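For reference, the structure is listed below as structure tokens.
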Amino acid sequence: MKFLEYILNGFSRVLSVDTEYLSDSTGTIPQRVLCLVFKDIKTNEIFRYWVYDQKQIPHFFDYENVLLISFNAVAEHGSFLNLLHGQPKNMFDCFVENKCLYGPFLAKNKTGLIDTCSRYNIPTISKEQKERELDVILRRNEHAGKPFEYDLKEQQRILDYCQTDVEENAKLFIAQVNDIEEKNNLKTEEDFNNKLWEICFRGYSQGSIAKIERNGIPGDLKLINDFREYWALVKNTIITRHNKKLNVYTEENKLNKKLFNKLVLKCGLGNKWPLLKSGDFTSKDEVVKRFEEDAPLIKEFRQLNKLNNLTRLGFFTPSEDGRMRCSLRGFGSITSRSQPSSSKNPLGAGKWARNFIKPGWGHELFYLDYKAQEPAIQGYLSGDKKLIENYGTPDLYITTAQQLGIINDPNATKETHKIQRKVVKDLFLANTYGMGEKELSKRLGCSRIKGRDYLRRFKELYSVYFKVRDSWINGSAITGHLRSPLGWQRWILGNKKWKDGKRVSITNQLKNFIIQTTGADILRKACQKLLDNHIKIVSTLHDAILIEVFRNDLETKDKAKSLMELAAKEVVGGIIKVDEERISSNWTQDKKHQEIFNEIFREIENYKNNKGTNDQTLRVLSTE
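Sequential numbering of the sequence shown, starting at 1000, is according to my numbering.
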């Protein structure tokens, strides 16, 4: 039996489906579904429905017995939610499976239906024709967002376009199923069943994303509107004020490399900071972030740089219901994590921006995040008893530092031994991301000999994990891929990464692949559990979930935490602890980030007051 035959025999219907719709004002969720088109892959029957001409659209979604085939199923899940069809249980998402098969090989902006079909030599309409048809659907130049209706000719044209996508996706499904069977060497019915479960798990997760996007993030509309109106007018004043202290920007508020070099040296970080080929210190945010705790000026620079680069303010544009929305871009990264735009999602922007998040009347928010998730995953997947045992202590990093001899005080805490604790956090970071002794030594500000000694002792303490991790990487050289417990894959055979004409090792990427991917799987499973239990998720971020509950509903919060811990246990075999933060009004941040927010709005209020005075003066002068 072939995998395709196994799938077709396992469901009463296998339907390729596509929908066309008009989005809400943020372009995120279906606000008005126009049509649905299905193709039965078993019988080749086509079913076309123009939504508002049908008294009742047939419900093909017998969740137990029907498999739906879609391309980027968030859209279809969103349309079904809009039409009150519920959430299909069995979904094969050709977009996601393409990412699973070829993630590292895919060029940026080459992951759409047309490009994916091209991989399998499946004929499609041109991108230009697709754009023309979308213009008809959106009526971009004619109505400017106002309500309108389509005549019969337009309806048929839109249905034809929708059917084209359905036909192409049906062919793509068959090609992908055969590709999956070959690449994974599927032989038995057990192989088929396990792989189909993994595929449907990912497809169902797209439904979770659709629900979260639909829920949206509640915000303080007054603050949001003030920021949208006045930020561009006060930005330069704030940047200039801080630059007097930092002295890193030109008059045009552009970063000057030589001045930035001086700032790094002034902070005493010259021996730690990575260099560019030019000899200048790199100003990449991922590097600056590493050192922001080492020097107050670096932390200030990072926040200021974020403000200076904040030009796209999409997430400050609420939907018609006053909630903030953006595409969460599920499975966006190679490790399958979501990748929402940092300029549209307040959780992904600078922490100061979280102040715009505010629960609605009678509600509260809880920010629930997994505690030290990556070390916990490392321990559970490798079976390293010492790492698992240390994770179970009140503070993994303090305990590890004591066992390494970095801390000798048995009563040490996060507050009393902050620096030593950070050394251990850096060791875990080096372990996760393949940081060598040279880079680690720079980061810690110590000699290479001392850095080498730290790494040696760390690897001896958690020797089981390092042996298992190395076996994963060595095994991938034979099998050609790595895979997470729930089936997300990193194919490496033929994957050549080049930089400046030279081949670059991907070993470091492989070291953290299974850990990060498993973390993403845990979060997906947790979201499914919470949503299936009618707990309202309004956003996610890496290893955290933001939920909305009625005020003082601590029972729901506790249930959400328990479900998150259960999700982790089902994936890795052990509990990963969940921290909580309660948000009853505007989500205030730590002192430094809160000061940024407060400064922005002090400047906005000053501008509004001065503007009002000037306007009054002009009115007086005009009457005279």
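Every residue gets a Cβ at the ideal spot worked out from N, C-alpha and C, and that includes glycine.
Please read these numbers as outputs of a predicted model, since none were measured by experiment.
Opposing strand residues paired with residue i [DSSP bridges]
{"i": "SER1069", "result": "ASP1092"}
{"i": "ALA1543", "result": "ASP1368, LEU1540"}
{"i": "ILE1582", "result": "LEU1364"}
{"i": "VAL1032", "result": "TYR1020"}
{"i": "ASP1150", "result": "Bridge partners of ASP1150: none, in fact."}
{"i": "PHE1280", "result": "LEU1274"}
{"i": "TRP1490", "result": "HIS1480"}
{"i": "LYS1535", "result": "GLU1547"}
{"i": "SER1624", "result": "Outside the displayed span of the chain (1000 to 1623) sits residue 1624, for which this structure offers no information."}
{"i": "ARG1047", "result": "VAL1036"}
{"i": "ILE1121", "result": "According to DSSP, ILE1121 bridges with nothing at all."}
{"i": "PRO1217", "result": "ARG1322"}
{"i": "VAL1176", "result": "VAL1176 pairs with nothing; no bridge assigned."}
{"i": "ILE1574", "result": "Note: ILE1574 sits in no beta bridge, so no partner."}
Neighbour-count burial assignment, residue i, 16 or more Cβ in a 10 Å radius
{"i": "ASP1578", "result": "exposed"}
{"i": "ASP1159", "result": "exposed"}
{"i": "PRO1409", "result": "exposed"}
{"i": "LEU1112", "result": "buried"}
{"i": "LYS1556", "result": "buried"}
{"i": "ASN1430", "result": "buried"}
{"i": "THR1018", "result": "buried"}
{"i": "TYR1464", "result": "buried"}
{"i": "LEU1033", "result": "buried"}
{"i": "PRO1295", "result": "exposed"}
{"i": "LEU1553", "result": "exposed"}
{"i": "LYS1357", "result": "buried"}
{"i": "VAL1286", "result": "exposed"}
{"i": "ARG1240", "result": "exposed"}
{"i": "GLY1474", "result": "exposed"}
{"i": "PRO1339", "result": "buried"}
{"i": "TRP1360", "result": "exposed"}
{"i": "TYR1062", "result": "exposed"}
{"i": "TYR1051", "result": "exposed"}
{"i": "THR1027", "result": "buried"}
{"i": "GLU1188", "result": "exposed"}
{"i": "ALA1348", "result": "buried"}
{"i": "SER1335", "result": "buried"}
{"i": "ASP1092", "result": "buried"}
{"i": "ALA1476", "result": "exposed"}
Own chain residues within Cβ distance below 6 Å of residue i, not counting five before or after
{"i": "THR1412", "result": "none"}
{"i": "GLY1486", "result": "GLU1197"}
{"i": "GLY1206", "result": "HIS1076, GLN1086"}
{"i": "ILE1387", "result": "GLY1378"}
{"i": "LYS1038", "result": "SER1015, ILE1045, VAL1165, ALA1169"}
{"i": "ARG1328", "result": "SER1337, GLN1338, PRO1339"}
{"i": "THR1281", "result": "PRO1273, LEU1275"}
{"i": "PHE1300", "result": "LEU1245"}
{"i": "PRO1122", "result": "none"}
{"i": "TYR1005", "result": "PHE1191"}
{"i": "ASN1551", "result": "none"}
{"i": "HIS1416", "result": "ILE1406"}
{"i": "ASN1626", "result": "What the structure shows of the chain is the stretch from 1000 to 1623, and residue 1626 is not part of that stretch, so it cannot be assessed."}
Interface flag, residue i vs chain B, CB-CB below 8 Å
{"i": "THR1399", "result": "Among the protein chains of the structure shown there is no chain B, as only one such chain exists."}
Same chain only: Cβ atoms within 8 Å of residue i, ignoring 5 sequence neighbours per side
{"i": "ARG1131", "result": "none"}
{"i": "THR1392", "result": "THR1398"}
{"i": "LYS1041", "result": "LEU1007, ARG1012, VAL1013"}
{"i": "ILE1514", "result": "GLU1373, ILE1376, GLN1377, LEU1380, THR1431"}
{"i": "LEU1185", "result": "PHE1002, ILE1179, PHE1191, LYS1194"}
{"i": "LEU1220", "result": "PRO1317, GLY1321"}
Residues near residue i by beta carbon distance below 7 Å, same chain, minus five either side
{"i": "LEU1258", "result": "ASN1246, VAL1247"}
{"i": "PHE1200", "result": "LEU1485"}
{"i": "ARG1581", "result": "GLU1363, PHE1365"}
{"i": "ILE1405", "result": "GLN1419, VAL1422, VAL1423"}
{"i": "LYS1126", "result": "ILE1113"}
{"i": "TYR1396", "result": "ARG1420, VAL1423, LYS1424"}
{"i": "VAL1135", "result": "GLU1153, ARG1156, ILE1157"}
{"i": "LEU1530", "result": "SER1207, LYS1210, ILE1536"}
Query raised in the report: Using 8 Å as the Cβ pair cut-off and three pairs as the minimum, do the stretch 1275-1283 and the stretch 1563-1576 touch?
Result: no
Report task. Taking 8 Å as the threshold, find out whether the stretch 1453-1467 comes into contact with the stretch 1157-1174 through three or more Cβ pairs. Result -> no
Requested in this report: Within the stretch 1398-1445, note down every full alpha helix (DSSP H) run reaching 4 residues or more, in order along the chain.
Outcome: 1417-1432, 1436-1443
Query raised in the report: Is it a yes or a no for the stretch 1443-1452 touching the stretch 1362-1370, going by three-plus beta-carbon pairs under 8 Å?
Result: no
Query raised in the report: Are the stretch 1600-1611 and the stretch 1212-1230 touching by the rule of at least three beta carbon pairs closer than 8 Å?
Result: yes
Query - Cβ contact (3+ pairs, closer than 8 Å) linking the stretch 1536-1547 and the stretch 1517-1528 - result: yes
Query raised in the report: Can you give, in chain order, each stretch of the alpha helix (DSSP H) that sits fully within the stretch 1290-1349 and has at least 4 residues?
Result: 1295-1308
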